Amino acid sequence: WGKETPIILSARWAEDGTPAALCVLCGEQLCGCEDPAASLWQKIFSLPNPKITADAKPYYKAALKANNTFAALWLDAGLAGDLLNPNASDYAVERQLAQHGLSLPAAEAPQKLLPLARECLGLSALSPLLERELEANGQQKLLREVEQPLCEVLASMELTGFRIDREGLREFGIYLDGLTIQLEQEIYQLAGGKFNINSPKQLGDVLFGKLELPAKKKTKSGYSTDAETLESLRAYSPAVDDILKYRTYSKLLSTYVEGLLKALGPDGRIHSTFIQTEARTGRISSTEPNLQNIPIRTELGSRLRGYFVAAPGETLVDADYSQIELRILAHITGDEAMQQAFLSGADIHRATAAKIYHIPESDVTHELRTSAKAINFGIMYGKGAFSLGKDLGISVKEADTFLKTYLNTFPKVDGYMQNCIEHAKEKGYVETLFGRRRPLPELASSNFQVRSSGERMARNTPIQGTAADIIKLAMVHVWQRLRDEKLQARLLLQVHDELIVEAPENEVEQVKRILKEEMEQVVSYSVPLTAEVGTGKTWLEAH
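The numbers in my numbering rise by one with no breaks, and the one at position 502 of the sequence shown is 976.
Here is the structure:
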């Protein structure tokens, strides 16, 4: 095959991550085999020909495991499909062809290879259509410089995994179990008898029947006992506080402690799966187990991070973007007052409070800073006076006054938010600064709540989506630098605005420098991006 001829690949994967069967379409030539020899598939993977496949990650994983390369990826049809239609349920070749009014072509191949042969021919028909649409949308750069290189980075992170202190985690589980048993007894005592705390119906009967607490919401099956309802009842009975604690500890125990221990690999590491095509805003998601959801807000929950540890002789280096979404908001809106706060290195929430209340920054109290912080973030998430009032524990009228004062103080923010919605209604979608699009059919809905939700997404997606694009590009650059500088350090995890690297002791200073440089210099905006870097033997210590 000539070096310029694209190679289209389709594979069935064995449990060990190697190809159990492989089909290759090169020009007019379609060939395939069951259980291909390692020397054969490794040679095909490393050829300089442009590669086209439905999902490149397993190819990268197989190559990385064999210390080989999967070279010259030209088109991952799944990643391209996600950029073009992020609201789709999946990005299988057959479904994408159907979207274009086509079906999988017929193929001649042995029965076991037939699905792979048909996928190869389907990719041959689909890839020029995807190319044309990507070009029309101006999304080729986003695919080739962000999403596709990131695919290799995620493959490497999945193979590496994150080391867990198994014994420590098991002991934490025993401790949590003891706390839940103790709380159970306290709740039974306050309720005047045993009942199933996990049954919303029985819990409702106890709280609103036996204890005669004021009922808030009623559902078909009885009284609502959701977290919001219970929070509003804390003052009425100590039992409510105990029930909320019981739920927190039970979830920590079952979802996290037991869930993590179950997912632990034979190498003592957790190997999560990272998905690029799930979140509509472009964020990476993590599953089996979800490592992006490890609690941090409560003292007990954050202790879980203490059981994510560096290997002996290594250290975790944790880098976190500081207020990246607010910095993007300042850049995207062009608001000079907000930009100036970031350029001067001021505390943005303190500076915001000083501007809103027309007082010197030195007079800003903790409470005023807290309310300014709630408005800063609330604005980005499209929160109205009702939501903001609830967050701050103030009346809707007061929250409305806060909002109006804020928008008068930062007029370009207000203008931007209005324009976002208008443009989205006109075009049917919003986009990030990198050209990632999110269709918003909700804006055309006759249902007020659905339409309002669409408006919130129109405001938030360009900001949250741009932040997601930035951290993805930073991951690619960090991973490439670690490889190019021939370091042993490995990227382990990304959690929204945070990257975690495991490094041998003698590489820590170099890794800290790489993380800071690549994260801060990944884009050049009107306000600087800043990353804070920490180190430690555990994730808790490093963050």
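Note that CB positions come from ideal geometry on N, CA and C, so glycine has one too.
In this text the structure is predicted, and so the values were computed from the model without any measurement.
{"query": "What first and last residue would you give for the alpha helix (DSSP H) that runs through R824?", "result": "I822 to Y831"}
{"query": "Look up T1009 in the DSSP assignment and give the residues it is bridged to.", "result": "V791"}
{"query": "By alpha-carbon positions, which one of A859, N767, L628 and E972 ends up nearest to A1016?", "result": "E972"}
{"query": "Identify, in the order they occur along the chain, each residue of the same chain with its Cβ nearer than 6 Å to the Cβ of S601, setting aside the five sequence neighbours on each side.", "result": "I526 and L549"}
{"query": "Can you tell me which of I648, K684 and F646 puts its alpha carbon nearest to the alpha carbon of Y662?", "result": "K684"}
{"query": "Which first and last residues belong to the alpha helix (DSSP H) in which T883 is found?", "result": "V870 to T883"}
{"query": "Taking the CB atoms as reference points, tell me whether S598 and I482 lie closer together than 8 Å.", "result": "yes"}
{"query": "What residue range is occupied by the uninterrupted alpha helix (DSSP H) comprising K729?", "result": "The amino acid at residue 729 is misidentified as Lys; the sequence shows Thr. Careful: T729 lies outside any alpha helix (DSSP H) and carries neither H nor E."}
{"query": "Tell me the DSSP secondary structure of E508 in three-state form.", "result": "strand"}
{"query": "Kindly give me the distance between the Cβ atoms of I638 and G780, rounded to whole angstroms, as I take these residues to be in contact under 8 Å.", "result": "I638 to G780, Cβ: 11 Å. No contact."}
{"query": "Helix, strand or coil for I770? Go by DSSP, reduced to three states.", "result": "coil"}
{"query": "So, is R911 buried or exposed, given that buried needs 16 or more other C-beta atoms within 10 angstroms?", "result": "buried"}
{"query": "Determine the DSSP secondary structure at P913, reduced to helix, strand or coil.", "result": "strand"}
{"query": "Do you know whose CA, among E788, P712 and P913, lies nearest P560's CA?", "result": "P913"}
{"query": "Taking its Cβ as the centre, do 16 or more other Cβ atoms sit within 10 Å of C594, making it buried, or is it exposed?", "result": "buried"}
{"query": "Flag this pair as yes or no: are the beta carbons of A485 and L496 separated by less than 8 Å?", "result": "yes"}
{"query": "Just verifying my parser: in three-state terms, what is the DSSP assignment at D1018?", "result": "Residue coverage of the chain in this structure runs from 475 to 1017, which leaves residue 1018 outside it and unanswerable."}
{"query": "So what does A495 bridge to, in DSSP terms?", "result": "R486 and E508"}
{"query": "Would you list the residues sitting across from Y903 in a DSSP beta bridge?", "result": "P913"}
{"query": "Whole angstroms are fine: how far does the CA of I944 sit from the CA of Q968?", "result": "12 Å"}
{"query": "Assuming T543 and S520 make a contact with CB atoms under 8 Å, what is their CB distance in whole Å?", "result": "5 Å"}
{"query": "How about Q750 and L624: do their beta carbons lie closer than 8 Å?", "result": "yes"}
{"query": "Given E788, which residues of its chain have a CB within under 8 Å of its CB, disregarding the five upstream and five downstream residues?", "result": "E976, A977, P978 and E979"}
{"query": "Going by DSSP, what residue range makes up the alpha helix (DSSP H) through P480?", "result": "First-last for P480: undefined, no H or E at that position."}
{"query": "Just the C-alpha distance for L790 and K1011, rounded to the nearest angstrom, thanks.", "result": "6 Å"}
{"query": "Measuring only the C-alpha atoms, how far is E660 from S776?", "result": "25 Å"}
{"query": "In this structure, what does DSSP give as the bridge partners for K937?", "result": "Here residue 937 turns out to be Ile, not Lys, going by the sequence shown. For I937, which the question treats as bridged, DSSP gives no partner whatsoever."}
{"query": "Leaving aside the five residues before and after K719 along the sequence, list all residues of the same chain whose C-beta is less than 7 Å from its C-beta, in chain order.", "result": "L657"}
{"query": "Helix or strand or just coil, what does DSSP make of F908?", "result": "coil"}
{"query": "Kindly provide the ranges of any alpha helix (DSSP H) runs that are 4 or more residues long and lie completely inside the stretch 520 to 566, ordered along the chain.", "result": "531 to 539 and 551 to 558"}
{"query": "G808 to E621, Cα distance in whole Å?", "result": "28 Å"}
{"query": "Please classify G856 as buried or exposed, where buried requires at least 16 neighbouring CB atoms within 10 angstroms.", "result": "buried"}
{"query": "My output table needs one value for V460: the three-state DSSP class, helix, strand or coil.", "result": "The first residue shown for the chain is 475 and the last is 1017, placing residue 460 beyond what the model contains."}
{"query": "What are the boundary residues of the beta strand (DSSP E) that includes T747?", "result": "T747 to I749"}
{"query": "Below 8 Å between beta carbons: does that hold for S796 and E1006?", "result": "yes"}
{"query": "Can you check which of these residues, Q503, G666 and L727, is closest to F646 by C-alpha distance?", "result": "L727"}
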